[in-house]
Structure formats: C-alpha cells, structure tokens
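In terms of numbering that gives the first Met the number 0, the sequence shown has 21 at position 22, counting the first letter as 1, and numbering is strictly consecutive.
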Amino acid sequence: MSVDAATVRRIAHLARIAVAEDEVPPLQGELNAMLAFVEQLSEVNVEGVEPMTSVTPMQMKKRQDVVNDGGIADDIVANAPATEGHFFLVPKVVE
C-alpha cells in the first residue's frame with residue numbers, strides 16, 4: 000500500500016494537524032515507511048503463538064470479587080449537606 004499526497008492531507012485534516020505544503024512529501028515518505036514495516040510484520044508466522052502481556056511469564060494479581068461499602072461510608076457522607084443513613088439526600092427536580 001502506498002500513501003499519496005492527497006491521503007497525507009486527508010489524514011492531517013482528520014487529525015486536525017496543520018500541515019504546510021512543503022511538509023507533505025516528508026510525511027508521505029514516513030507514512031509509506033510505516034506501512035511497509037506493518038506489511039513486513041504480517042509476513043511473520045505466528046501460528047501457535049499465544050498472546051502475552053509481557054515478555055516474562057507472570058500472573059495477573061487478582062482480588063476476591065466481594066461487594067462491600069469500602070468501610071468508609073461515614074467519611075464519604077460527612078460533608079454532605081443532607082444524608083439519610085449512608086445516602087445523599089438531593090432535592091426533587093422533577094414533579
């Protein structure tokens with residue numbers, strides 16, 4: 000795939016980047032080099048390779064999925080102008 004000058008201008012417009020006419024050819028070359036590298040990557044055989052999050056083996060840290068109030072409900076509502084229990088009271092806005 001090759002990027003032409005019109006495509007460079009369109010990409011710049013979509014990205015809301017001001018590009019002067021004399022900057023278009025260098026950007027065109029850079030974008031073409033990036034696309035050539037991506038095409039090169041698509042030639043690599045990755046059959047049987049599992050996706051990984053890091054180059055070193057590791058396990059994700061997990062916590063128990065427990066529903067709780069965080070233990071600080073009183074601190075959270077302490078500065079509220081009106082509360083009931085551990086809930087904020089707000090004025091009715093729809094009648």
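No residue lacks a Cβ here, since even glycine has one placed at the ideal position from N, Cα and C.
All of these numbers come straight from a predicted model, not from anything done at the bench.
DSSP on Glu83, reduced to helix/strand/coil? By one-based count along the sequence shown, residue 83 stands at place 84. DSSP places Glu83 in strand when its eight states are reduced to three.
Please report the straight-line C-alpha distance between Gln63 and Gly70, rounded to a whole angstrom. Residue 63 sits at position 64 when you count from the first residue of the sequence shown. Residue 70 sits at position 71 when you count from the first residue of the sequence shown. One C-alpha to the other measures close to 16 Å.
Where the alpha helix (DSSP H) through Pro25 begins and ends: By one-based count along the sequence shown, residue 25 stands at place 26. Val23 to Leu40 is the extent of the alpha helix (DSSP H) around Pro25.
So Val93 packs on His85, CB below 8 Å; how close in whole Å? Numbered from its first residue, the sequence shown carries residue 93 at position 94. Numbered from its first residue, the sequence shown carries residue 85 at position 86. About 24 Å; that fails the 8 Å criterion.
If you draw a straight line from the alpha carbon of Met33 to that of Gln39, how long is it in whole angstroms? Counted from its first residue, the sequence shown places residue 33 at position 34. Counted from its first residue, the sequence shown places residue 39 at position 40. Distance between the alpha carbons of Met33 and Gln39: 10 Å.
Which whole-angstrom value is the C-beta distance of Val7 and Val23, which I expect to be below 8 Å? For the purposes of this step, residue 7 is taken as the residue at position 8 of the sequence shown. For the purposes of this step, residue 23 is taken as the residue at position 24 of the sequence shown. Indeed they touch by this definition, with Cβ atoms about 5 Å apart.
If distances are taken between C-alpha atoms only, which option among Asn31, Ala4 and Leu30 comes closest to Ala19? As a first step, residue 19 is located in the sequence shown; it is residue number 20 there, counting from the start. The option with the nearest alpha carbon to Ala19 is Ala4.
Contact set for Met0: own chain, Cβ-Cβ below 6 Å, skip 5 residues either direction: Here residue 0 is taken as the residue at index 1 of the sequence shown, counted from 1. Here the set comprises Leu34.
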